[in-house]
Structures are given as C-alpha cells and as structure tokens.
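Below is one structure, written out as structure tokens; the observations come after it.
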Amino acid sequence: MFKISYTKLYLTSNPQRIVIKYIFFLIQPFAAYCFNFRSFFLIPVIYKLIVNSVLAMSSSFQYGIIFAGAQKNIGPSGVVLVIVREDLLGNASKYCPTVFDFAHISKNNSVHHTPTTFSVYVMEKVLQWIKRCGGVDKMAQNSHDKSTTLYNAITNSNNFYVCPIEESCRSRINIPFRVGGANGDDALESKFLEEAEKLRMYQLKGHRSVGGIRASLYNATSVEDVKLLVQFMEEFRKQHGPK
C-alpha cells in the first residue's frame, strides 16, 4: 500500500498555463528518489523524457535513472529506453517483480523475456540515423531552431496566433496554439486545418482535451518543414486576420 503524506495546491492569477518551479517543492531530505526534477544533492533523480527522448541525454550525468518512451522520436511505440546509473542496481524492493528489477534486466542483457523485437529493431535504425545526422547535439540544436522559429511566428502574429503556455514552461517538441485570439476561433481553426492539409501538412489538430492547434516537432520533422509551416501561417494570417 502506498501513502501520500501531504498535498499542496498552488494557485496563480496567470492566465497562461505554467509549471511551478521545482524550488518551491518541499523535498524530504531522506527520500529514496525524486521523480522528474533536477539534481537534489544526494537524492537520486528519476527523469521521464517521453517524446523529448534524446534531447536531454547530453546532461544525463545528473540523473539516477532515465526512461523514455521511444514512440514518435526514436522509434515506434512498444519499447522504452532505460538508462540506469550502475550504483543504483541491486537496490530493488523485495516486492519488485523480477521483470522490473533493473539489476536482473542488466544481468540478462535486457532479454529476460522475448522483447518487442520489431520496435527494438526500428529504434536501432533511428538511432543510427541520428548518429549519421550528427548525434544528440545535432538533434538538440535542430529542436531549438525549429521551436524558436515557430514560437517567433506566434509571438509576432499580433495575437492572431496565441500559445497558452507560459514562456518558461514551453516545450520544444509539442507546440500548442490557438488561431484568432487567446480563446481561439473554432471556424478559423477548422479552416486552418483544412488549408494546411491541402499543402500536405497533417495531424495539426490539437489534443482532444485542449483543442486548438498543435505542431509536433519530432526529430523526423526538419527545420525546412517548420519554415514551410510558418510561411503558411503568415499567409493564412494575412488572409483571415484583422485588416
């Protein structure tokens, strides 16, 4: 049985969506680990990369465990990349199933049971491609360039395009925005998606829970692809924005 000892609710008047800075969190000094934050002295950090995947690995020394779903960025769904610091192996709880015991997995070269061979195979091919393209540092630079290009287009649109995420919390991979103002215009957003598909720009519809538009700038998306999107956005704004 697990127990949550306390909960804190942080309220803000900021209309944009934000993530509270980690310095405001109370960290138990003798915690076994801390999930998803930066270094806390002697407390091992478990970091979940998800779609950001290879982008933060150049600074991986500060983490105890990194796990990243391969889907979209380094392969298809069905496989997870896990990096564990060696000094953390062999400390599993006695209640931990063997299949989740990192020491056992390491000892058996990650084949304790039959893995999802196709997903692993494709991930290897993608990692080879990343290496040929310049490695992790090149992917990180591309990600920075792509996201900066798109965010600048949103910022310079005179509020025709609005990103609801506070600047310090924005992703380099998934960039949501509304069309026609902060609250979005359903008719304009439908028109935006329709016109984009005519230019073979697909899957720009926002997540079903938030709506709007979402551009996903995964590794396979090139800087040139983003420039084409920005060009379309500017033409759409001139045609449908305030005169």
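The sequence shown begins at 1 in my numbering and counts up by one. Backbone N, C-alpha and C fix where the C-beta goes; we use that ideal spot for every residue, glycine too. Nothing here was measured: the structure is a model prediction, and the numbers come from that model.
Closest to residue i by CA distance: which of the options is it?
i	options	result
residue 164	212, 233, 132 and 100	212
residue 206	190, 220, 195 and 221	190
residue 82	72, 90, 100 and 192	100
residue 87	63, 80 and 137	63
residue 93	32, 136 and 116	32
residue 113	98, 119 and 126	98
residue 168	184, 91, 125 and 151	151
residue 76	121, 202, 203 and 91	121
residue 185	91, 160 and 235	160
residue 210	241, 178, 197 and 219	178
residue 143	240, 239, 242 and 216	216
residue 158	242, 72, 71 and 70	242
Let me know the secondary structure DSSP gives residue i once reduced to three states.
i	result
residue 4	The predicted position of residue 4 is uncertain, since its pLDDT is 43 and thus under 50; a value taken from the coordinates is nonetheless stated next. Three-state DSSP puts residue 4 in coil, outside helix and strand.
residue 208	coil
residue 67	strand
residue 39	Unreliable positioning characterises residue 39 in this predicted model, as indicated by a pLDDT of 48, which lies under 50. The coordinate reading is nonetheless provided below. Residue 39: coil per DSSP, three-state reduction.
residue 158	coil
residue 80	strand
residue 136	helix
residue 74	coil
residue 111	coil
residue 130	helix
Are the beta-carbon atoms belonging to residue i and residue j less than 7 Å from one another?
i	j	result
residue 123	residue 74	yes
residue 155	residue 226	no
residue 176	residue 214	yes
residue 180	residue 193	no
residue 230	residue 145	no
residue 233	residue 182	no
residue 103	residue 89	yes
residue 116	residue 78	yes
Extract the residue ranges of the alpha helix (DSSP H) inside the segment 216-242, only unbroken runs of 4 or more that lie entirely within it.
List check, alpha helix (DSSP H) in window: 223-240.
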